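Counting in this note's numbering, the sequence shown runs from 17 upward without gaps.
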Amino acid sequence: MKRVLLLLVLAVGACAQPAPPVCTAPLKAAVAIDLYFGRDKPGGGEVTDAEWGAFVAEVVTSRFPDGLSVFDSSGQYREPNGRIVRERSKRLAVVVFDAPAHKAKVIQIVEAYKQRFGQYSVFRVEQPVCAGL
C-alpha cells in the first residue's frame, strides 16, 4: 500500500507546473514554447519548403506577429510496432509573456498542421524562462 501511495504521489508531482522563475529587471517571467513538426507525409513525400513557408505565413505569423524563430532539425520516434522512424523536421520557437492567453493559439497551430499535412502529432515543449530585449 505504501508503494502505491508513493507511486501516486510521484505521478502527480511529475505533472505539476514548475514555479515561475524569479527574474531580475529588465527580464520578465515568460514561457518558451517549442513545437516540433515532422515533415514526412503519411502517403509518401515530405512537406516542402514552399508548403512550410505558406503554413508559417498563413497560420503561424497571424497568431504570433511579434516574433518567432524556425530551425531546421531532424528527429526520430518509435512506432507502436517498435520500428524507429527518422525524419527531417522543423522546430518553431516562440516566447510569450502571457502564456494562458496564447495556449489556444498554440493548439490552433498544432491542429492546423496535423490537418493540412495528415500528421498524427506535433511534439510540444513549454518551459518557464526569464526573457527580455
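In this text, a Cβ means the ideal position worked out from N, Cα and C, and glycines have one as well.
Only a predicted model underlies this, so the values are computations on that prediction, with no experimental measurement involved.
(request) Could you check what DSSP says for Gly60 in three-state terms: helix, strand or coil? (result) coil
(request) Give every residue of the same chain whose Cβ lies closer than 7 angstroms to the Cβ of Phe79, excluding the five residues on either side of it in the sequence, and list them in chain order. (result) Here the sequence assigns Arg to residue 79, which means Phe is not the residue at that position. Result list for Arg79: Lys121, Gln124 and Ile125, in chain order.
(message) Would Ala45 and Cys39 qualify as a contact pair, given that the criterion is a beta-carbon distance under 9 angstroms?
(response) yes
(message) Less than 9 angstroms between the beta carbons of Tyr52 and Ser105, yes or no?
(response) yes
(request) In the DSSP assignment, find the unbroken beta strand (DSSP E) run with Gly54 in it and report its ends. (result) Lys44 to Gly54
(request) Tell me whether Leu149 is buried or exposed, calling it buried when 16 or more other Cβ atoms sit within 10 Å of its Cβ. (result) exposed
(request) May I ask you to report which of helix, strand or coil DSSP gives Val122? (result) helix
(message) Comparing C-alpha positions only, which one of Gly61, Val112 and Val63 sits nearest to Pro81?
(response) Val112
(message) Looking at the strands, I want to know which residues DSSP matches up with Val86.
(response) Leu108
(message) I believe Phe133 touches Arg107 by the beta-carbon criterion, under 8 angstroms. Please report the beta-carbon distance rounded to the nearest angstrom.
(response) In fact, because the Cβ distance is near 16 angstroms, the residues do not count as touching under 8 angstroms.
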